[in-house]
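Right, one structure below, let's go through it.
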C-alpha cells in the first residue's frame, strides 16, 4: 500500500528546510500545500477574533493537505504532520506494518505521534486493538491530545474534508466546541494510537503558558533517544 507524507507549514522556510532534511535522512519524500492565512475566504469575514482565525487557518491547512491527497494523488494513505516533528529513523520500515494493522482493524485515523509523557500500557484508557513485533495499536480517550502526526485513509480524508467547512466551524463555535486541529481531527472515526511513536514533537511550543511549555518538554524528554529519532 502506498502513502504520501504532507507537512503543514506557514511560510517558514527554516522549518520547511529542516523537515525536508529530516525526511531525507529517513528516506521519505514530503508534500506541501499552499499556506492558509487569516485572509483565506473561509476565514476572513468570520465573526471571530484573531486568535480563533489563526486556529482555523491551521486546521484548514490540515484539510487542504487531505484534499490534495484524495483529489490529486493515487496514494492509499496520507500522513499529515506539522513542521516541528522529528521522524523515527525506522519510519520507512514501520509504516507498512502500521498500514497492515490499520486495515485489519478497520481504522479511519491512527495517531503516529501524540502528547503523552509516559509509557502506554494496556488498560481501560488505552485498550490494545492490534499487536505486531514492533508496535501496538491502542484505543485512546478524548483527553489525549496531539494532531501533529497522523495517518488517515482515503475514505476518512474525504469525510473530514467534507465536514470541516466554514459553516461547520461556526456551528462548532455556537455549540461551545473549539474549531482547531486538536479538538476536531483526532476525535472522530475509528481511531487509534501507535506505541512506540513513529514521530516526536520537538518539545518547544509557541505559548506563554508555563504548564503547556513544561508538558511538551516532558513528552520530548520521556520519548527522545538520539538513536531512534531524527530531529
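Numbering (this note's numbering), first residue to last: 33 to 263.
Don't be surprised by glycine CBs; every beta carbon is placed ideally from N, CA and C.
Quick check on the burial criterion: 16 or more other C-beta atoms within 10 angstroms. Buried or exposed for residue i?
i: residue 167; result: buried
i: residue 93; result: buried
i: residue 181; result: buried
i: residue 82; result: exposed
i: residue 223; result: buried
i: residue 200; result: exposed
i: residue 100; result: buried
i: residue 36; result: buried
i: residue 183; result: buried
Going by beta carbon distance, what residues of the same chain come within less than 7 Å of residue i, once the five residues before and after it are set aside?
i: residue 58; result: 119, 121, 123, 124, 262
i: residue 250; result: 149
i: residue 138; result: 222
i: residue 43; result: 67
Pull up the distance between the alpha-carbon of residue i and that of residue j, whole angstroms please.
i: residue 254; j: residue 150; result: 7 Å
i: residue 178; j: residue 218; result: 8 Å
i: residue 252; j: residue 146; result: 10 Å
i: residue 144; j: residue 61; result: 17 Å
i: residue 136; j: residue 172; result: 18 Å
i: residue 230; j: residue 164; result: 14 Å
i: residue 77; j: residue 160; result: 45 Å
i: residue 233; j: residue 213; result: 15 Å
i: residue 242; j: residue 106; result: 43 Å
i: residue 91; j: residue 126; result: 27 Å
Is DSSP giving residue i helix, strand or coil here?
i: residue 133; result: helix
i: residue 121; result: coil
i: residue 200; result: helix
i: residue 75; result: coil
i: residue 39; result: strand
i: residue 63; result: strand
i: residue 243; result: helix
i: residue 233; result: strand
i: residue 226; result: strand
According to DSSP, residue i sits in a beta bridge with which residue or residues?
i: residue 163; result: 168
i: residue 183; result: 111, 142
To which residues of the same chain is residue i closer than 8 Å at the C-beta, ignoring the five residues directly before and after it?
i: residue 10; result: The requested residue 10 does not occur in the structure, where the chain is confined to residues 33 to 263.
i: residue 52; result: 62
i: residue 247; result: 147, 149
i: residue 64; result: 38, 39, 41, 48
i: residue 33; result: 108, 109, 128, 131, 135
Examine the ligand GTP and report whether any of its heavy atoms sits within less than 7 Å of the Cβ of residue i.
i: residue 60; result: Among the components of this structure there are no ligands whatsoever, and the ligand GTP is therefore not found.
Tell me which same chain residues have a C-beta within less than 6 Å of the C-beta of residue i, skipping the five on either side of it?
i: residue 204; result: 211
i: residue 174; result: none
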